[in-house]
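> Provided herewith is a single structure, encoded as structure tokens, for subsequent inquiry.
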Amino acid sequence: MAMLSSLSLISFTSFALLLFLVHAQDQSGFISIDCGIPNDSSYNDETTGIKYVSDSAFVDSGTSKSIAAEFQSSGFDKHLLNVRSFPEGKRNCYDVRTPRGKGFKYLIRTRFMYGNYDDLGAAPEFDLYL
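According to mature numbering (1 follows the signal peptide of the UniProt record, and there is no 0), the stretch in the sequence shown is residues -24 to -1, 1 to 106, in order.
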């Protein structure tokens, strides 16, 4: 039993340290975009401390929507509660200027949320080009 308590303490301590390290990370050089939040707004994620900014400065098309109320109470991260849809046009582009320019490696991570924002109950299909 003492062994189990020790392992639980080590596990909790490791998790707490990891959580502290996530909060302590420097965000310079990173852009975290929340698609669909109001123009020129931003917020810090309560769990990670990551600062998210509106996508309005990076795109000229599309429509901002909130996901359906039934999904908003499902415990999704805040950056998944709003979406930007593109009902018009064949191609819609984000213009994200990299601070270091061309010739460098970049990490691009995307997450997509449907959340029945359009009350159609059918997730859209689309292509993504980088």
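For each residue, glycine too, the CB sits at the ideal point set by N, CA and C. This structure is a prediction, so every number in the text was calculated from the model and none was measured.
Bridge partners of I9, per DSSP?
Per DSSP, V29.
> Taking the straight line between their C-alpha atoms, what separation do you get for G65 and V72?
Between G65 and V72, the C-alpha separation is close to 20 Å.
> Using CA atoms only, rank isn't needed, just tell me which of G5, D2, Q3 and D10 is closest to M89.
Per the Cα distances, D10.
> Please confirm whether N68 and S30 have their CB atoms less than 7 Å apart.
Their beta carbons are not under 7 Å apart, which means N68 does not touch S30 by this criterion.
> Between the Cα of I84 and the Cα atoms of L56, L104, S49 and Q48, which residue gives the shortest distance?
Comparing Cα positions, the closest option is L104.
> Give me the DSSP bridge partner(s) of V35.
The partner list for V35 (beta bridge, DSSP) reads Y70.
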